[in-house]
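A short worksheet on the structure shown next.
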Amino acid sequence: MRQTGTAAFVIVLTVLAFVASAGAQPAGTLLVGLVAEPVNLDPAQVTDLNSNRVGRRIAETLVTFPDESTQIVPGLAESWTISKDGLKYTFKLRRNVRFHDGSPFDAEAVKFSIERQILAEHPANKLGKYPFANYFFGNVKAVEVVDPHTVEFILKEPRASFLAVLTAGAASIVSPTAVKKLGADYPLSPVGTGPFKFASWDRGQRVVLEKNAGYWKHPVNVDRVIYRPIVEDQARLTELLTGALDLVVGAPPDAVAQLENNPRVTLVKQVGAHVWYLGINNQKKPFDDKRVRQALNYAVNKDAIVRDVLKGTGSPSRGPVLPNTWGADPALKAYPYDPERAKKLLAEAGYPSGFSTTLWVPESGSGMQSPVAMSTVIQSNLKAVGVNVTLQTMEWGAYLAKLRSKEQDLFALSWMAGNEDPDMVMYPLLHSTQWTPNGPNRALYKNDKYDELLHQARLTTDQKKRAELYREAQRILVDDAPWIFVDHEIQTAAFAKRVQGFKLHPSFDLRVETISLK
Amino acid sequence: MKYYLARRLLLLVPVLAGVSIIIFMVLHLAPGDPAEIMLGSQATQEDLVRLRADLGLNEPLHVQYLRWVGHVARGDLGRSLWMKRPVLGEVLTRFRATLVLTATALVLSTTIGIALGVTAAMRPNSMLDRLSAVASLFGASMPSFWLGIVLMVIFALQLGWLPASGMYAPHSGGDARDLLTHLILPAVTLAAASVTIVARLTRSAMLDTLAQDYVRTARAKGVSSGAVVLRHALGNALVPIVTVVGVQAGYLLGGAVLTETVFAWPGVGTLMVQGILARDFPLVQGCVLVVALSFVLVNLAVDLLYAWLDPRIRYE
Chain A
139 MRQTGTAAFV IVLTVLAFVA SAGAQPAGTL LVGLVAEPVN LDPAQVTDLN SNRVGRRIAE
199 TLVTFPDEST QIVPGLAESW TISKDGLKYT FKLRRNVRFH DGSPFDAEAV KFSIERQILA
259 EHPANKLGKY PFANYFFGNV KAVEVVDPHT VEFILKEPRA SFLAVLTAGA ASIVSPTAVK
319 KLGADYPLSP VGTGPFKFAS WDRGQRVVLE KNAGYWKHPV NVDRVIYRPI VEDQARLTEL
379 LTGALDLVVG APPDAVAQLE NNPRVTLVKQ VGAHVWYLGI NNQKKPFDDK RVRQALNYAV
439 NKDAIVRDVL KGTGSPSRGP VLPNTWGADP ALKAYPYDPE RAKKLLAEAG YPSGFSTTLW
499 VPESGSGMQS PVAMSTVIQS NLKAVGVNVT LQTMEWGAYL AKLRSKEQDL FALSWMAGNE
559 DPDMVMYPLL HSTQWTPNGP NRALYKNDKY DELLHQARLT TDQKKRAELY REAQRILVDD
619 APWIFVDHEI QTAAFAKRVQ GFKLHPSFDL RVETISLK
Chain B
941 MKYYLARRLL LLVPVLAGVS IIIFMVLHLA PGDPAEIMLG SQATQEDLVR LRADLGLNEP
1001 LHVQYLRWVG HVARGDLGRS LWMKRPVLGE VLTRFRATLV LTATALVLST TIGIALGVTA
1061 AMRPNSMLDR LSAVASLFGA SMPSFWLGIV LMVIFALQLG WLPASGMYAP HSGGDARDLL
1121 THLILPAVTL AAASVTIVAR LTRSAMLDTL AQDYVRTARA KGVSSGAVVL RHALGNALVP
1181 IVTVVGVQAG YLLGGAVLTE TVFAWPGVGT LMVQGILARD FPLVQGCVLV VALSFVLVNL
1241 AVDLLYAWLD PRIRYE
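Top line first, the protein sequences correspond to chains A and B. Just so we're aligned: the first sequence equals residues 139 to 656 in my numbering. Just so we're aligned: the second sequence equals residues 941 to 1256 in my numbering.
Here's what the structure looks like:
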């Protein structure tokens, strides 16, 4: 018996020695671990973050963001003018830019990329489904080619945030030649003007991009990027710590401290254009009373949620707009944690002994951080002031369907605007024309003064004036307290020492083109 | 025999039809639809209505189902709503990875399970037998995602002997050795629970046969102890063991979902989970069809194996 045991042990050791893996990485290849696999790579057909993180390396937009902020700067367009009435945007396009397939980037390509999404009779319209075409470009009446390097967008109504709309992935300019050639298969091998070219995709395993040697903006220092989808947090971190990956995004909150103290990797953080809120049904009793909604805001300890649940991967929010951006009001005061004040307000509103209510929570979902753990803290905070909350957790798809019913009391939700224009978050989530099911205003909030300020801000193209209007609107919001304001997500990424020059982007983009490998 | 085989293969059609109807109903009755999930929290009613129409979700359920069946009959499983890829190629590629993992796990669990079971039965109530009982209980009660992560932390993170995830190294790689390295941890994880079931069953089947008269006769005739156990007893104990191994094959196909997720194994299990979360009807239908088909075929193979193992069993 002992002999068999020894023999078995020797065999196992031999096998292990045979297979033991070598850790060295090929020079010039950057290995990136993603939380989930990209779904497809046609920017106009994409609805998720991971697809965009890869797809934006391939195709680019007319206007874009610098590497550290979400202010708007020229991209494929060198410059632009906006007509006085705010209805005509004219873009001068960059010359001598070519798509990866060699075809020229020009005004026709811009027209094609947008019109294929919005015109039902467009020859490329039936080649795909464009889920956000109406959301982003519903206001576009026409895209006109003035000359090969000038293009005009004619809008139906003025909308000052239109430049911000054009930074969206869906506004990426794709090669018309490639779309016509590949047809319905275009999302599987996209062609754009970006810093990397699509090379190959082994489903479930990896997406490979090769550098675009003729990139118009700057030389690209990495020869090849390989993206690997690894859903399990521990597996992704293990691959990073053993040197099998160079860069991972989305460290779980519990691993943040461990990564910060690990000398082999660098952890970076960056607050993103995102907001996590607890929506309140503003039309339903007892929440139709402002004092009740304010009381809920005083009752919740946001600092504790950010510190203990999110382990520093969130920043407490004062309202929907990200602080330190042009539209944010620096004077805006956050609701402090003050349970006594909450109880007093509840008593004033006629609920001295509180009330019972229901909180709907999705189990997971894009941008939802740790929804159940966060909601559980909120539940116990509210209990302390006499509000008995029943948590109802749901799968994401079922949750979205249920929110359409207007029967919600309280609900947890988040919003990733991807840029800092206040219109992109304040209008859809809180303007009264956007009440669910017509729009995403699921709190059913309505304030005429607020509506008017937001409308005015859309008509004004002067950013300074817009900022003033948004600041006033934010002060109204904080007083009205249509949500419990919770946090803005702080993104995390960890990378190996050989990775140089990487920064997380507030838009949640993953700009690996800035990286060089040591 | 030929008639039996033909009948069993014909039976596949109603079985698969039944499975596909059930899956179709379950998916469509679950709250939330693909349009809702694609559009996420930004959806407007107008966008939803338009996308639903585009995706063909507005037609009555039986029309949608029959249209799908019509395409399947012509060998077209459709295009994934969400990935925009043809379903058939996608499912087959991913199923190959699942098959590699499941087959390895099945070989591991069968050989180790039978070896452990036979050893335990030869010396019932010995130290070894008790040890294997404890190990079995442990193996059966460990959730595979937990075991997988523990193995990963030990062998990939601490010792650095094996890669933590994937099927091949992302660069270069791709040969048999590369595959083997990546296969060890997920296969062992997947096999763990099965090993214990096969071992316990082998033990009791062996104890039964070892107590039979013909075994005593063989021993009395002076046949060596090893030959008695392996030739006379194990041969006869194999029928129940094969049954449980057949069931395990199905269990492993299902259990692969968790193991694949933990180790980022590019199999059909992870694909199916993604498909269900996105309500990607054609994709999930395609996955289920392939998995159900392989499950039925494994069962058929087990039934045929009985006749081969025990010549007294005949199929008419």
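Glycine included, C-beta positions come from ideal geometry on N, C-alpha and C.
Is the shortest distance between the beta-carbon of residue i and the beta-carbons of chain A less than 8 angstroms?
i, result
"I977/B", "yes"
"H968/B", "no"
"H1011/B", "no"
"R1219/B", "yes"
"P1206/B", "yes"
"W1086/B", "no"
"F964/B", "no"
Which of the three DSSP states, helix, strand or coil, is assigned to residue i?
i, result
"A160/A", "At A160/A the pLDDT is 45, less than 50, meaning the model places this residue with poor confidence; the figure from the coordinates comes in the next sentence. Reduced to three states, the DSSP call for A160/A is coil."
"E398/A", "helix"
"P1251/B", "coil"
"G171/A", "strand"
"I220/A", "strand"
"T598/A", "coil"
"L448/A", "coil"
"A271/A", "helix"
"G193/A", "helix"
"R609/A", "helix"
"I701/A", "With chain A covering 139 to 656 only, the question about residue 701/A has no answer from this structure."
"P657/A", "Since the displayed chain A opens at 139 and closes at 656, residue 657/A lies outside it and no answer follows."
"V953/B", "helix"
"I653/A", "coil"
"L1077/B", "helix"
"W1022/B", "coil"
Closest to residue i by C-alpha separation, out of the options, would be which residue?
i, options, result
"F568/A", "L168/A, P560/A, S494/A and N579/A", "First, the residue type needs correcting, since residue 568/A is Leu and not Phe in the sequence shown. Selected option, being the one with the closest Cα: N579/A."
"E711/A", "S217/A, S189/A, L551/A and K226/A", "There is no way to answer for residue 711/A, as the model of chain A reaches only from 139 to 656."
"P328/A", "L375/A, V192/A and V248/A", "V192/A"
"R613/A", "G488/A, A466/A and S543/A", "A466/A"
"E348/A", "K355/A, V360/A and W354/A", "V360/A"
"V525/A", "Q601/A, G450/A, R445/A and L434/A", "L434/A"
"P181/A", "G417/A, D600/A, W553/A and V317/A", "V317/A"
"G166/A", "F549/A, P204/A, D384/A and M506/A", "D384/A"
"K264/A", "L320/A, V278/A, L301/A and R297/A", "L320/A"
"R429/A", "V616/A, R596/A, F270/A and Y537/A", "V616/A"
"L1102/B", "L1170/B, F1203/B, G1015/B and P954/B", "F1203/B"
"A1045/B", "H1002/B, M1023/B and S1084/B", "S1084/B"
"A1073/B", "R1143/B, G1166/B and L1099/B", "R1143/B"
"T496/A", "F549/A, D285/A, A174/A and Y583/A", "F549/A"
"T331/A", "S455/A, H643/A and F243/A", "F243/A"
Assign residue i to one of two classes, buried (16 or more other C-beta atoms within 10 Å of its C-beta) or exposed (fewer than that).
i, result
"T1157/B", "exposed"
"V989/B", "exposed"
"N585/A", "buried"
"G488/A", "exposed"
"V170/A", "buried"
"I961/B", "exposed"
"G161/A", "Residue confidence for G161/A is low, a pLDDT of 48 falling below 50, so the modelled location carries little weight; the figure read from the coordinates is stated next. G161/A is exposed by the Cβ-count criterion."
"I516/A", "buried"
"R195/A", "buried"
"E290/A", "buried"
"V1185/B", "buried"
Using 8 angstroms as the limit for Cβ to Cβ distance, is residue i near chain B?
i, result
"S327/A", "no"
"R402/A", "no"
"V177/A", "yes"
"W498/A", "no"
"G577/A", "yes"
"A581/A", "no"
"A539/A", "yes"
Is residue i close to the ligand FMN? I mean its beta-carbon at under 7 angstroms from any heavy atom of the ligand.
i, result
"G1010/B", "As far as ligands go, the structure on display features none, and thus does not contain the ligand FMN."
Check: Given a limit of 9 angstroms on CB to CB distance, which residues of the region 980-996 of chain B reach chain A?
Finding: G980, S981, Q982, A983, T984, Q985, E986, D987, L988, R990, L991, D994 and L995
Next item on the list: Could you list the residues in the region 1024-1057 of chain B with a C-beta less than 8 angstroms from some C-beta on chain A, going in chain order?
Entry: K1024, R1025, E1030, T1033, R1034 and A1037
Checklist line | Members of the region 368-383 of chain A near chain B, C-beta cut-off 7 angstroms | finding: I368, V369, E370, Q372, A373, T376, E377, L379, T380 and A382
Margin query: Using a Cβ-Cβ cutoff of 7 angstroms, what residues of the region 296-330 of chain A are near chain B? List them in chain order.
Written below: A322, P325 and L326
Check: Closer than 9 angstroms, Cβ to any Cβ of chain A: which residues of the region 1101-1115 of chain B, in chain order?
Finding: For the region 1101-1115 of chain B, the residues whose beta carbon sits under 9 angstroms from a beta carbon of chain A are, in order, W1101, L1102, P1103, A1104, S1105, G1106, M1107, Y1108, A1109, P1110, H1111 and S1112.
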